[in-house]
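In UniProt numbering, the protein residues as written are 1 to 539. Ideal Cβ placement from N, Cα and C applies to all residues, glycine included. Have a look at the structure below, then the notes.
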Amino acid sequence: MRHSSILNLHRASNKFRQKYKEPAQRMASSPYPTRTYLPGQFVVSAGSILFRRAPENGELQMCLLYHTIKNEWLLPKGRKDCGESMETTAVRETYEETGYKCKLSPCNMSTRAPAHGVHTKDMIREAEQITEPIAITVRDQGLDGVKIIWWYISELDGDGQKVEGTQMDTESFASQFIDAEEALRTLTFKGDQDIAAKALEIGYEISLQTAIMHIFPKVYVVYYTNSDSEDRQPRSLDELKEKLLKWVNDRAFHFRRRADNFTGATKVRLSGLGAELNKVTGYEEIDALKRQVVEQEARIETTRQAARAAKFNHDEAVVRRSKSQREVNDLLQRKSSWTDEDVIRFTSLVREDHLLEQEEARAKLAVEEAENAVENEFTELMRSILARYHEEQVWSDKIRSASTYGQLAVLGLNMFVFILAIVLVEPWKRKRLAQTFEKKVEELNEEYKEMLGNNMQILQKQLEDQAVIIAALTAAVAKVDFQTQHPVEEVVQDQDEPVLNSTGIWTKAMKDRNFGEAVAMGALTASVLSAIGWIWLGG
1 MRHSSILNLH
11 RASNKFRQKY
21 KEPAQRMASS
31 PYPTRTYLPG
41 QFVVSAGSIL
51 FRRAPENGEL
61 QMCLLYHTIK
71 NEWLLPKGRK
81 DCGESMETTA
91 VRETYEETGY
101 KCKLSPCNMS
111 TRAPAHGVHT
121 KDMIREAEQI
131 TEPIAITVRD
141 QGLDGVKIIW
151 WYISELDGDG
161 QKVEGTQMDT
171 ESFASQFIDA
181 EEALRTLTFK
191 GDQDIAAKAL
201 EIGYEISLQT
211 AIMHIFPKVY
221 VVYYTNSDSE
231 DRQPRSLDEL
241 KEKLLKWVND
251 RAFHFRRRAD
261 NFTGATKVRL
271 SGLGAELNKV
281 TGYEEIDALK
291 RQVVEQEARI
301 ETTRQAARAA
311 KFNHDEAVVR
321 RSKSQREVND
331 LLQRKSSWTD
341 EDVIRFTSLV
351 REDHLLEQEE
361 ARAKLAVEEA
371 ENAVENEFTE
381 LMRSILARYH
391 EEQVWSDKIR
401 SASTYGQLAV
411 LGLNMFVFIL
421 AIVLVEPWKR
431 KRLAQTFEKK
441 VEELNEEYKE
451 MLGNNMQILQ
461 KQLEDQAVII
471 AALTAAVAKV
481 DFQTQHPVEE
491 VVQDQDEPVL
501 NSTGIWTKAM
511 KDRNFGEAVA
521 MGALTASVLS
531 AIGWIWLGG
């Protein structure tokens, strides 16, 4: 009776846990990987990267701690006191471990924190003159939990003189300001190097006026050894070159860091754009189903481990009871020769066998429940996988339909542009071309008419000149012929007529009538051919 009550109570407890606890766990599971640390499982610390400008040359320096016992170079940090803010912790721990009074330095940096009193979307933005942490370190300390360290950027406050005796009795640190780039190579741990490199990238903004005061006078003016002395002497040219080269290298390093930061921000923005695109297309639900499948696989693996453990416990319980029963059977076989010890042993074995029987029954029940849980989790896994693939198929069909409609829209747009070009653009182009051609023909016709008129005028003038010459030649030939037919002893010559030499060749030719006619015809023919050639060339 008691055994049945225990079994019923155990069965009811398992049903209650399966009905309420496990669904509650599934409801509370986050879609993102989440780790929760309760009080005592974590410790919060804060530190800062302390910068200054070297008083002798204005170079940017970083303050490091040297652990004299462990031979390690570290950044100043420490645990937060109760009721203390992270900013106060960072300043206090930096002062205690380095001995330099400091303050948080407002810097220009990328952050996801919204401005005070302004509600903005959770995204990366560029903020100016803020004192937010530049990095957070989560260090796993094994059984002691985790250590969370907040890192800030600080600069010297006050006269910048070191104060001795600020460290705890248990601390063995030696603080030293080192050139910023050299400090990156000096730090012992890779994590500290990454944090210091990020701080150095932002740290160039700390004392921009100081940097200009110490850098540009070296290049454009004369850099003096002592600005307070009256007889200031310029440093050597080699030192100026060295300082200039150092400044160029610093700026190149700063530019590379800026480029890396820009690349990282671009990747984040692109990933955010992909998330927004998934949200618009509905793929975000598929991602949630994928995460659900992964979580279900983890749960079924846990349930299978629990089932294997329950089966192992059941086998152990069966072995223990079998061993007890064998010992009882051995005692019963020699019952006639029992001693007092055998009687006591038999009584204890009966009581133990009763307990082992209950334990075996509980183990068997646990195995059955574990097997049922495995089967239920496997069924849930199959359901999740089917739901995922169903949603993926629906999403694929939707995207395929959208792609088809998009192609049809592009095809329709192309057809519209083609028809618009045929109906409106081509006729307009032909009309413009015809108008241009007609205008060109008219201009050429006008030019041709003008040129033809000028050529005709020139030809007419030449013909008139030839006619005058021919008329003069004809008159001269006629006169010579008349004198030849009617000779006189004395010829009175007019003043206008030229005096011919009777003994010359021209006189003989003029007296020949056939020669005169030939000359006249040649002159006429030459005039006509000249006119025709002029017209031909002018046309």
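{"Query": "The region 120–133 in contact with the region 165–181 per 3-pair CB rule at 8 Å", "Result": "no"}
{"Query": "DSSP-derived helix/strand/coil call for H116", "Result": "coil"}
{"Query": "Residues that Y66 bridges to, as DSSP identifies them", "Result": "W73 and A174"}
{"Query": "Three-state secondary structure assigned by DSSP to F346", "Result": "helix"}
{"Query": "L75 to D192 span [Cα, whole Å]", "Result": "7 Å"}
{"Query": "Nearest-angstrom Cα separation, counted from Y66 out to A265", "Result": "34 Å"}
{"Query": "Three-state secondary structure assigned by DSSP to E99", "Result": "Reading off the sequence shown, one finds Gly at residue 99, where the question assumed Glu. DSSP places G99 in coil when its eight states are reduced to three."}
{"Query": "8 Å Cβ shell around A373 - same chain, five flanking residues per side excluded", "Result": "Q18, T303, A306 and A307"}
{"Query": "At least 3 beta-carbon pairs within less than 8 Å: the region 84–103 vs the region 144–164", "Result": "yes"}
{"Query": "One or two residues paired with M109 in a DSSP bridge", "Result": "A127"}
{"Query": "Straight-line gap, T210 to I130 (C-alpha atoms, nearest Å)", "Result": "Low local confidence applies: a pLDDT of 42 at T210 is under 50, so the model's placement there is unreliable, with the coordinate-based value given in what follows. Roughly 20 Å between the two C-alpha positions."}
{"Query": "Per DSSP, cross-strand counterpart(s) of E155", "Result": "F51 and K103"}
{"Query": "Exposed unless 16 or more other CB atoms sit within 10 angstroms - verdict on D465", "Result": "exposed"}
{"Query": "Segments assigned beta strand (DSSP E), at least 3 residues, entirely inside the region 443–478", "Result": "none"}
{"Query": "Contact under 8 Å by Cβ, G47 with I148", "Result": "no"}
{"Query": "Inter-residue CB distance, D353 and V318 (contact presumed, cutoff 8 Å)", "Result": "So it is not a contact: roughly 13 Å between Cβ atoms."}
{"Query": "Alpha helix (DSSP H) segment containing A421, residue limits", "Result": "From DSSP, A421 is part of no alpha helix (DSSP H); its letter is neither H nor E."}
{"Query": "Three-way DSSP call (helix, strand, coil) for Y165 in this model", "Result": "A small fix is needed here, since residue 165 is Gly in this sequence, not Tyr. Correct three-state label for G165: coil."}
{"Query": "Integer-rounded CB distance, given that L289 should sit under 8 Å from A387", "Result": "6 Å"}
{"Query": "8 Å contact criterion, which E201 and N261 should meet: CB distance rounded", "Result": "7 Å"}
{"Query": "Spatial distance of A54 from Q292 (CA atoms)", "Result": "57 Å"}
{"Query": "For S401 and I286, the rounded distance between their alpha carbons", "Result": "18 Å"}
{"Query": "L356 - DSSP class collapsed to helix/strand/coil", "Result": "helix"}
{"Query": "CA-to-CA distance, E242 to residue 543, given in whole angstroms", "Result": "Beyond the ends of the chain as shown, which are 1 and 539, falls residue 543; an answer cannot be given."}
{"Query": "CB-CB length for T166 against E96, believed under 8 Å", "Result": "5 Å"}
{"Query": "Same chain, Cβ closer than 8 Å to T525, five either side skipped, listed in chain order", "Result": "none"}
{"Query": "DSSP-derived helix/strand/coil call for L60", "Result": "strand"}
{"Query": "Spatial neighbours of I212 in its chain, beta-carbon cut-off 7 Å, leaving aside the 5 residues before and after", "Result": "No answer about I212 holds up, because its pLDDT of 44 lies below 50 and its placement is not dependable."}
{"Query": "Rounded C-alpha distance that separates N455 from V423", "Result": "48 Å"}
{"Query": "Identified DSSP bridge partners for Y138", "Result": "The residue asked about is misnamed: residue 138 is Val in this sequence, not Tyr. Note: V138 sits in a beta bridge opposite I148."}
{"Query": "8 Å contact criterion, which E360 and R326 should meet: CB distance rounded", "Result": "That pair is no contact at about 15 Å."}
{"Query": "For Q41 and R52, believed in contact at Cβ under 8 Å, the rounded distance", "Result": "Wrong, their Cβ atoms sit about 38 Å apart, outside the cutoff."}
{"Query": "Between the CA atoms of R334 and L349 - distance to the nearest angstrom", "Result": "15 Å"}
{"Query": "Coarse secondary structure for R256, derived from DSSP in three states", "Result": "helix"}
{"Query": "Of the residues E72, S396, E371 and V163, the one placed nearest residue 541, counting alpha carbons only", "Result": "Here the chain comprises residues numbered 1 to 539, so residue 541 is not present and cannot be evaluated."}
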